[in-house]
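Residues in the sequence shown are numbered consecutively from 1, following the UniProt record's numbering.
Virtual Cβ for every residue (Gly too), placed ideally from N, Cα, C.
Computed from a prediction, not measured in an experiment: that's the story for all the values here.
Each remark here refers to the structure printed beneath this line.
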Amino acid sequence: MRYEIIPRTLLISVFAFSAITKLSDIESVYLLIDEVMPFIKINALIEIVSFYVPILELTLCLSLCFKATQRLSYTLSLILSISFLSFILYLGPSTNCACFGSLLKLTHAQSIILDTTLISLSFLGFYLSKKDPAKL
């Protein structure tokens, strides 16, 4: 059995769910980003962030499906998850992170646990993807 499929499947599932929920209610995501990031004064930049983060998540899901791009995808997943964790820590416990758009609201602690888990899965997937499958 290839153990590498476990972190890959979990990452694909979480990122796909996150992207789909954000894209299904993109206006709410836009309003939330506008609310929690007052330092972004340019509406066009808020539109870019609210649209392209879910697109990036979907692209990451697709690239995790192909052997040729998996190691790069695990690295990008790690960078994205660390960025999300940094964003959550910056926001503090008083603000919803909109990790899954407006569909699923996570507490601050749940968001931290989610991103820490995604970071761990990215490391594990990267590590297992370089191992010889015959030796596992």
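*So does the segment 122-129 actually touch the segment 34-52, counting three or more Cβ pairs closer than 8 Å?*
no
_Our contact map puts Asp34 next to Ile48 with C-beta atoms below 8 Å; I'd like the distance itself, whole angstroms only._
Position 34 of the sequence shown, counted from the first residue, corresponds to residue 34. Position 48 of the sequence shown, counted from the first residue, corresponds to residue 48. About 12 Å; that fails the 8 Å criterion.
_Own chain partners of Thr21 with C-beta closer than 7 Å, once the 5 adjacent residues on each side are dropped_ = One-based indexing of the sequence shown puts residue 21 at position 21. Closer than 7 Å at the Cβ level, and outside the excluded window around Thr21, lie Phe100, Gly101, Leu103, Leu104.
*Less than 9 Å separating the beta-carbons of Leu72 and Ser63?*
Here residue 72 is taken as the residue at index 72 of the sequence shown, counted from 1. Here residue 63 is taken as the residue at index 63 of the sequence shown, counted from 1. Yes, they are a contact pair.
*asked:* Taking only three categories from DSSP, how would you classify Cys97?
replied: Translated into the one-based positions of the sequence shown, residue 97 becomes position 97. In this structure, Cys97 counts as coil in the three-state DSSP scheme.
*asked:* For Leu104, list the residues DSSP reports as bridge partners.
replied: For the purposes of this step, residue 104 is identified with residue 104 of the sequence shown, where counting begins at 1. Beta-bridge pairing links Leu104 to Phe100.
*asked:* Taking the beta carbon of Pro93 as the centre, do at least 16 other beta carbons fall within 10 Å, making it buried, or is it exposed?
replied: Translated into positions along the sequence shown, residue 93 becomes position 93. So Pro93 counts as exposed.
*To which residues of the same chain is Phe15 closer than 7 Å at the C-beta, ignoring the five residues directly before and after it?*
By 1-based counting over the sequence shown, the position of residue 15 is 15. Excluding positions up to five away in sequence, the list reads Glu57, Leu60, Cys61.
_If you reduce the DSSP assignment to three classes, tell me which class Gly125 lands in._
Numbered from its first residue, the sequence shown carries residue 125 at position 125. Correct three-state label for Gly125: helix.
*Burial state of Tyr3, where buried means 16 or more other Cβ atoms lie within 10 Å*: Taking the first residue of the sequence shown as 1, we reach residue 3 at position 3. Counting Cβ neighbours within 10 Å, Tyr3 comes out exposed, since fewer than 16 surround it.
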